[in-house]
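One structure below.
Residue numbers (this note's numbering): 1 to 131.
In structure tokens form, the structure reads like this:
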């Protein structure tokens, strides 16, 4: 459970499959842990997201299930299960899921999933599955 400062002091392991089974919506990351000033999130992806960038932070994608293309203006990276990629800060990118993809994201607390783009796919910041 989070303490008064919002820090998670749990000594219990986090079952990622269980956490991913607790929701159905796509492109809506859920916080499952915290590491210093970073949040560890799980997310389900399907179809194309929006072109966006994060001016002040890198973004890490770790694929658990499925295949994800990360389009950037100069190239496309394809990731499968067990692979990760870090999109450097400020780089415009557009994730495209081939079918349903399950992924882990690690990013500073408070990062908005749509970065500078905003729009209807912007997730609620405080969406947490921490118990």
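Quick reminder that beta carbons are idealized off the backbone N, C-alpha and C, glycines included.
Rounded straight-line distance, which links the Cα of residue j to that of residue i
i	j	result
residue 89	residue 106	13 Å
residue 56	residue 91	10 Å
residue 11	residue 74	43 Å
residue 23	residue 15	14 Å
Host alpha helix (DSSP H) of residue i (start-end)
i	result
residue 105	Unbroken run through residue 105 is the beta strand (DSSP E), 93 to 108; no alpha helix (DSSP H).
residue 20	16 to 20
Local Cβ density within 10 Å of residue i, reported as buried at 16 or more and exposed below that
i	result
residue 2	Residue placement at residue 2 is poorly supported in this model, since its pLDDT is 49, which falls under 50; the coordinates still yield a value, given next. It counts as exposed.
residue 6	With a pLDDT of only 46 at residue 6, under the threshold of 50, the placement of this residue in the model should not be trusted; the figure read from the coordinates follows. Exposed.
residue 86	exposed
residue 8	Confidence is the limiting factor: at residue 8 the pLDDT is only 48, short of 50, which leaves the residue's position unreliable, though a coordinate-based value still follows. Buried: at least 16 other Cβ atoms inside 10 Å.
residue 4	Reliability of the predicted coordinates at residue 4 is poor, the pLDDT of 47 falling under 50, and the value obtained from them is presented with this limitation in mind. Exposed.
residue 17	exposed
residue 13	exposed
Start-to-end residues for the beta strand (DSSP E) that takes in residue i
i	result
residue 33	30 to 35
residue 57	No beta strand (DSSP E) contains residue 57, which DSSP labels as neither H nor E.
residue 47	38 to 48
residue 79	76 to 79
residue 84	84 to 87
Cβ pair residue i, residue j closer than 9 Å
i	j	result
residue 70	residue 101	no
residue 93	residue 53	yes
residue 42	residue 20	yes
residue 80	residue 67	yes
Own chain partners of residue i with C-beta closer than 8 Å, once the 5 adjacent residues on each side are dropped
i	result
residue 37	108, 109
Nonlocal neighbours in the same chain, by C-beta distance under 6 Å from residue i, ignoring five residues either side
i	result
residue 40	32, 33, 106
residue 98	67
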